[in-house]
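A quick write-up on the structure given underneath.
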């Protein structure tokens, strides 16, 4: 393992990853997130945390990263309140890592525009304010809570995983997920790196173009936040299970798959997941 280039001092006591699992968090995404982190980092303690612990403080001393899974972010705001949000912000400002998947990404953006003009509409600012811009979704219309209708396998492109002149593209699960649009008037935009962008013809017909970010990394010195509008933590096995129990997800056009098998899909998905967790891996390597 290579040491982090950001000169973060990680002590042996900083040995845990906390996964937020309070009101609003989907139990399915909580389970998938915990399982994925444990698979990537078998020597790291992964445990669930709640709003009361975040608000109370002290959790930061042993925490390498806080991960906020998918679900509904309004209860995150309500339960964490200003005290909890300030605690999370202070954790990141002091060098902690924040990972947000789907609702956890909406929650960490300056603004949310979700399903405007529908019964599910949310057009609101968010106080955590890590991403300097708007998380806009759902990228697949119309979204329906507690169902896989409105969910989809969408194609994304990751230049950082490309080999030579070949693009790296794969399909990842989206369930009410967002695209990220920076506010060009915000000076923090220079700190945003696009790790993945949408490249699906189905989405282009909905106005989501190739430049729309699917996964972003925001870095200022040793402060790192990674936000994903898609779900690299969700395996094809889970998707098939949810499909059989909750309904059929919207699938991309046939040419979007390119004949990729479920096995190949999961191999590519794991590549993406490891790429997303690069900063966490660097921190783990410092203490082992």
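Numbering (this note's numbering), first residue to last: 364 to 651. Quick reminder that beta carbons are idealized off the backbone N, C-alpha and C, glycines included.
My output table needs one value for residue i: the three-state DSSP class, helix, strand or coil.
| i | result |
| --- | --- |
| residue 657 | Outside the shown range of the chain, which is 364 to 651, sits residue 657, and nothing can be said about it. |
| residue 619 | Model confidence at residue 619 stands at a pLDDT of 41, short of 50, so the residue's coordinates are unreliable and nothing is read from them. |
| residue 467 | helix |
| residue 560 | strand |
| residue 501 | coil |
| residue 522 | helix |
| residue 472 | strand |
| residue 432 | coil |
| residue 479 | coil |
| residue 410 | strand |
| residue 607 | helix |
| residue 595 | coil |
When you compare only the Cα positions, how much space is there between residue i and residue j?
| i | j | result |
| --- | --- | --- |
| residue 425 | residue 459 | 10 Å |
| residue 548 | residue 603 | 42 Å |
| residue 606 | residue 550 | 43 Å |
| residue 620 | residue 512 | Bear in mind that the predicted position of residue 620 carries a pLDDT of just 41, short of 50, making it unreliable; the figure below should be weighed with that in mind. The alpha-carbon atoms of residue 620 and residue 512 are separated by roughly 19 Å. |
| residue 462 | residue 526 | 26 Å |
| residue 544 | residue 591 | 13 Å |
| residue 577 | residue 628 | 18 Å |
| residue 630 | residue 636 | 10 Å |
| residue 618 | residue 440 | Any answer about residue 618 is weak, because its pLDDT of 38 lies below 50 and its placement is not dependable; what the coordinates show is given next. Their backbone Cα atoms lie some 40 Å apart in a straight line. |
| residue 634 | residue 448 | 31 Å |
| residue 508 | residue 408 | 31 Å |
| residue 444 | residue 406 | 32 Å |
| residue 480 | residue 564 | 24 Å |
| residue 654 | residue 482 | What is shown of the chain runs 364 to 651, which leaves residue 654 out entirely. |
| residue 416 | residue 427 | 16 Å |
| residue 516 | residue 626 | 15 Å |
Should residue i and residue j be called a contact, given that it needs their Cβ atoms to be closer than 8 Å?
| i | j | result |
| --- | --- | --- |
| residue 381 | residue 418 | no |
| residue 579 | residue 535 | no |
| residue 532 | residue 520 | yes |
| residue 473 | residue 438 | no |
| residue 491 | residue 452 | yes |
| residue 404 | residue 429 | no |
| residue 384 | residue 413 | yes |
| residue 420 | residue 450 | yes |
| residue 355 | residue 597 | Residue 355 cannot be examined here, being either before or after the span of the chain that is shown, 364 to 651. |
| residue 555 | residue 546 | no |
| residue 493 | residue 400 | no |
Within its chain, find whatever has a CB closer than 7 Å to the CB of residue i; leave out the 5 residues flanking it on each side and keep chain order.
| i | result |
| --- | --- |
| residue 367 | Residue confidence for residue 367 is low, a pLDDT of 35 falling below 50, so the modelled location carries little weight and cannot support an answer. |
| residue 541 | 468, 469, 498, 499, 500, 502, 592 |
| residue 456 | 586 |
| residue 562 | 518, 519, 520, 532, 573 |
| residue 523 | 558, 638 |
| residue 735 | No answer is possible for residue 735: the residues shown for the chain start at 364 and end at 651. |
| residue 640 | 403 |
| residue 446 | 418 |
| residue 487 | 475 |
Spatial neighbours of residue i within its chain, please: C-beta separation below 8 Å, excluding the five flanking residues on both sides.
| i | result |
| --- | --- |
| residue 478 | 484, 485, 500, 501, 504, 505, 506 |
| residue 423 | 450, 453, 454, 457, 459 |
| residue 489 | 436, 440, 469, 470, 471, 472, 473, 474, 475 |
| residue 395 | 432, 594, 596, 597, 598, 601 |
Between residue i and the rest of its own chain, which residues show a CB-CB distance below 6 Å, the 5 nearest in sequence each way excluded?
| i | result |
| --- | --- |
| residue 538 | 514 |
| residue 433 | 389, 392, 464, 465, 466 |
| residue 632 | 595 |
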